[in-house]
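In our numbering, the protein residues as written are 1 to 750.
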């Protein structure tokens, strides 16, 4: 801010630089919600040259500041001037004009603005959003037919069930408001019938019931059940049971699930028994046995639960694959500590259902449970069978790793060390038999050969070489900068793609430079409209995802304008399309685009402060946000290092910084990186330096991580397997993979 003010105060500053400094200063004020200050900068600027075509951006920023300070009508004037001077901004300016008119209850003017905004080519999601605004405005202005037409147009475009259901309900409500109750009920009935598991269906059901409309009781129960309105669901199912002598087991089964959800275990058990005893041939009988098993486990009746499980599993015979209730029971059995029994069940399932999508996983889990139960030979047999039956399944790599780890443990226990150099790794998985005892080196090399930069391949290499998984590399090499690295990459692209020698490989061609999406997206980003600008540019990236050269060019362009997530996505797509699937054969410059070191001044300073490897911090940062400072997760984590608000408050209090801390400060890179590095260092200290435990704590919470670590009894590899949060389990593995890529690209000789 002080730099921009200094430029503006100097009489020698050129008009062009004065304009840019003013716009940047206004963006800073806008970020701090200092609208009056933004207006004070912009109004004199515009007054001095009202017809200057270069001031379109200034008019847009002024309009937003006026709008946010409550001066909506004046803002619409400046939006109009902005789009007249810069037509690329017309659609957004018209949308914001519509928003102002709608807020002022001038619905006809709002509808006109939204309709005008729709004339431009745009993504389906943006078009649907504008159509929704148009429909609301038309309805509010009394144009029933126009509103319904807008909603029906959305339904022709929309594919996502949740969004379709919401628009269906909105259309039905509109019909109801206009007194067209027949159409309203027709649409509500269609919604309830088509999407009974989605929440708007429950809202529609309530209106149908309140309106005295007939709704099938079984459907009512199912809608209520999926909306977690369990008492109402139970009542509906009870009516089915009482009023329909020919009812099947569905109502009993879902009544049982409803009771189970409210922890009324006795009633749930009774309903499962009703399915089994009074509907013996019903499709829900096997699932009901599984339901019984869940309840018996909750009551600590493990032996009875296993009997129920065995009875139910026998009734699934003949199916190609097994339903989710089976896996739920097996998870519960595992949690109950019945490891040996669950391992046997999993092995039986894998034998009986070899084509089930989870058969390979079942064999792997069977081995892990035997390992935890102390049955090392049994674990090895399970993993050997997995590599025999599913040599190309991702679980096969995990099985090879664990075979190697357990063979190594046996060798060390017996006084030897059965390891061979990594050179000459075979890429063919040999046939095995139950009697063939593989060496540790062979098994680990097999894991390595199936993916040297995959998690299990990396862990195999760790054991083969004796290296620590996260060796410190304090000073990343600047190997990806300069013309030489880029020239090498572009020569490689020319050869691969067969380009003419005079092709400007890294330059955007005129077709892209003149593409409205690129021009508009870049302009919006430059003005601080991050979400809008990114959406425009992402549309272009996605539509060219099969064009390797365009992906390379866009990766460079996105990097240069600070759209780092999209740059990484484009370079990763290029890598996927290329003949170099192994990072070691990919040009290093392209690898560095996929694994960049943005914000290096912040990252490396904080890493040094907290004695962390900067490459480790980069790996975590890439996993957390792909270097996108404006990122917000589904769990409300904010910024580059994805710190959630309560943790941010805790860190701010611990550091006593920054002054006047607010949650929105997490979007500031200097705050996010400092907070994230400090918190990672704290968790590393609490984990006695174990990075796996620290990573799990960072993502899944310190208490959970400690619980998993205690259960693993000091075995880091077992710890990574028994993390119960799938997101955290994947998170830990991905960061190990990212770290390996960073070490390869920046760590120098390894």
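Glycine included, every Cβ here is placed at the ideal spot set by N, Cα and C.
Inset, instruction - May I have the straight-line CA-CA distance separating residue 184 from residue 282, to the nearest angstrom? - result: One-based indexing of the chain shown puts residue 184 at position 184. One-based indexing of the chain shown puts residue 282 at position 282. Taking the straight line joining both Cα atoms gives about 36 Å.
Inset, instruction - Leaving out five residues on either side along the sequence, give the residues of the same chain with a beta carbon under 7 Å from the beta carbon of residue 590. - result: As a first step, residue 590 must be located in the chain shown, where it is residue number 590. The residues are 489, 571, 574 and 575.
Legend entry - Any 3 or more C-beta pairs closer than 8 Å across the stretch 160 to 180 and the stretch 137 to 149: yes
Inset, instruction - Under 8 Å by Cβ, that's how I've got residue 722 and residue 696 pegged, so tell me the actual separation to the nearest angstrom. - result: Indexing the chain shown from 1 puts residue 722 at position 722. Indexing the chain shown from 1 puts residue 696 at position 696. Between residue 696 and residue 722 the Cβ distance is about 11 Å, and since that is not below 8 Å, they are no contact.
Legend entry - Start and end residues, alpha helix (DSSP H) containing residue 494: Counting from 1 along the chain shown, the entry for residue 494 is found at position 494. Start and end: 483 to 497.
Inset, instruction - Compute the minimum distance between the beta carbon of residue 23 and the heavy atoms of the ligand SAH, and state whether it is under 8 Å. - result: Of the ligands one can find in the structure shown there are none, so the ligand SAH has no counterpart to examine.
Inset, instruction - Apply the 10 Å Cβ neighbour rule to residue 392 and answer buried if 16 or more other Cβ atoms are within range, or exposed otherwise. - result: Stepping through the chain shown from its first residue, residue 392 is reached at position 392. Label assigned to residue 392: exposed.
Legend entry - Sequence ranges, alpha helix (DSSP H) only - wholly within the stretch 236 to 306, length at least 4: 250 to 261, 265 to 278 and 285 to 298
Legend entry - Length at least 4, wholly inside the stretch 335 to 360: the alpha helix (DSSP H) runs in chain order: 339 to 352
Inset, instruction - Report the option in 358, 694, 302 and 89 whose CA atom is closest to the CA atom of residue 682. - result: Taking the first residue of the chain shown as 1, we reach residue 682 at position 682. Looking at the Cα atoms, 694 is the closest of the given residues.
Inset, instruction - Tell me whether the beta-carbon of residue 469 lies closer than 9 Å to the beta-carbon of residue 716. - result: One-based indexing of the chain shown puts residue 469 at position 469. One-based indexing of the chain shown puts residue 716 at position 716. The answer is yes: Cβ separation under 9 Å.
Inset, instruction - Determine the contact status of residue 727 and residue 454, defining contact as a CB-CB distance below 9 Å. - result: For the purposes of this step, residue 727 is taken as residue 727 along the chain shown, with counting starting at 1. For the purposes of this step, residue 454 is taken as residue 454 along the chain shown, with counting starting at 1. Against a cut-off of 9 Å, the Cβ pair of residue 454 and residue 727 comes out as no contact.
Inset, instruction - Name, in chain order, the residues that DSSP records as bridge partners for residue 643. - result: Here the question's residue 643 lines up with position 643 in the chain shown. Residue 643 is bridged to 638.
Inset, instruction - Using a threshold of 9 Å, state whether the C-beta atoms of residue 627 and residue 620 are closer than that. - result: As a first step, residue 627 must be located in the chain shown, where it is residue number 627. As a first step, residue 620 must be located in the chain shown, where it is residue number 620. Result no, Cβ atoms of residue 627 and residue 620 do not sit closer than 9 Å.
Inset, instruction - Could you give the DSSP three-state label for residue 406: helix, strand or coil? - result: Stepping through the chain shown from its first residue, residue 406 is reached at position 406. Helix, per DSSP.
Legend entry - Residue interval of the alpha helix (DSSP H) (run including residue 691): Position 691 of the chain shown, counting from 1, holds the residue named residue 691. Segment 691 to 700, the alpha helix (DSSP H) holding residue 691.
Legend entry - Exposed unless 16 or more other CB atoms sit within 10 angstroms - verdict on residue 137: Taking the first residue of the chain shown as 1, we reach residue 137 at position 137. When all chains shown are included, residue 137 counts as buried.
Inset, instruction - For the alpha helix (DSSP H) containing residue 531, list its first residue and its last residue. - result: As a working note, residue 531 is residue 531 in the chain shown. 530 to 543 is the span of the alpha helix (DSSP H), which, as asked, contains residue 531.
Inset, instruction - For residue 632, write down the residues that DSSP places opposite it in a beta bridge. - result: Numbered from 1 along the chain shown, position 632 holds the residue referred to as residue 632. Beta-bridge pairing links residue 632 to 638.
Inset, instruction - Could you check which residue in 699, 713 and 643 has the C-alpha nearest to that of residue 730? - result: Sequence index remark: in the chain shown, residue 730 carries index 730 (1-based). When only C-alpha atoms are compared, the closest one is 699.
Inset, instruction - Mind listing, in chain order, the continuous alpha helix (DSSP H) runs of no fewer than 4 residues lying wholly within the stretch 5 to 56? - result: 15 to 31 and 35 to 48
Legend entry - Simplified DSSP assignment, three categories, for residue 726: As a working mapping, residue 726 is identified with position 726 in the chain shown. Collapsing the DSSP output to three states places residue 726 in a helix.
Legend entry - Residues near residue 461 by beta carbon distance below 6 Å, same chain, minus five either side: If you number the chain shown from 1, residue 461 lands on position 461. Only 448 meet the Cβ criterion.
Inset, instruction - Using beta-carbon positions only, say whether residue 101 and residue 76 come within less than 9 Å of one another. - result: The sequence position of residue 101 within the chain shown is 101, counting from 1. The sequence position of residue 76 within the chain shown is 76, counting from 1. Yes. Within cutoff.
Legend entry - Cut-off 7 Å between Cβ atoms - residues of its own chain near residue 239, not counting five sequence neighbours on either side: Stepping through the chain shown from its first residue, residue 239 is reached at position 239. So the list reads 217, once near-sequence residues are dropped.
Inset, instruction - Find out if the Cβ-Cβ distance for the pair residue 639, residue 612 is shorter than 9 Å. - result: Sequence index remark: in the chain shown, residue 639 carries index 639 (1-based). Sequence index remark: in the chain shown, residue 612 carries index 612 (1-based). Against a cut-off of 9 Å, the Cβ pair of residue 612 and residue 639 comes out as no contact.
Inset, instruction - Please go through the same chain and pick out, in chain order, the residues whose beta-carbon is closer than 7 Å to the beta-carbon of residue 187, but skip the five residues on each side of it. - result: Translated into the one-based positions of the chain shown, residue 187 becomes position 187. The beta carbon of residue 187 sits closer than 7 Å to those of 168, 171, 172 and 175, all from its chain and outside the five residues before and after it, given in chain order.
Inset, instruction - Using only alpha-carbon positions, find the residue among 653, 658, 625 and 592 that is nearest to residue 742. - result: Here residue 742 refers to the residue found at position 742 when the chain shown is read from its first residue. Nearest option by C-alpha distance: 592.
Legend entry - Buried or exposed by the 16-neighbour rule on C-beta atoms within 10 Å, applied to residue 14: Reading the chain shown from its first residue, position 14 is the one you call residue 14. Exposed is the call here.
Inset, instruction - Would you tell me roughly how many angstroms separate the C-alpha atoms of residue 533 and residue 548, rounded to the nearest one? - result: The residue you call residue 533 lines up with position 533 of the chain shown. The residue you call residue 548 lines up with position 548 of the chain shown. Looking at the two C-alpha atoms, the distance is approximately 23 Å.
Inset, instruction - Say whether the stretch 593 to 608 touches the stretch 494 to 512, bearing in mind that this needs 3 or more beta-carbon pairs closer than 8 Å, one atom from each stretch. - result: Cβ pair count under 8 Å is below three, so no.
Legend entry - N- and C-terminal bounds of the alpha helix (DSSP H) containing residue 548: Mapped onto the chain shown, residue 548 falls at position 548. Element bounds for residue 548: 548 to 560.
Inset, instruction - Give every residue of the same chain whose Cβ lies closer than 8 Å to the Cβ of residue 254, excluding the five residues on either side of it in the sequence, and list them in chain order. - result: For the purposes of this step, residue 254 is identified with residue 254 of the chain shown, where counting begins at 1. For residue 254, where only same-chain residues beyond five positions count, the Cβ hits under 8 Å are 221, 222, 225, 233 and 237.
Legend entry - Per-residue burial, residue 12 [other beta carbons within 10 Å of its own, 16 or more giving buried]: Counting from one through the chain shown, the residue named residue 12 turns up at place 12. Exposed, because fewer than 16 other Cβ atoms sit within 10 Å of the Cβ of residue 12.
Legend entry - Under the three-state DSSP convention, the category residue 161 falls into: Within the chain shown, residue 161 is the residue found at index 161, counting from 1. Helix.
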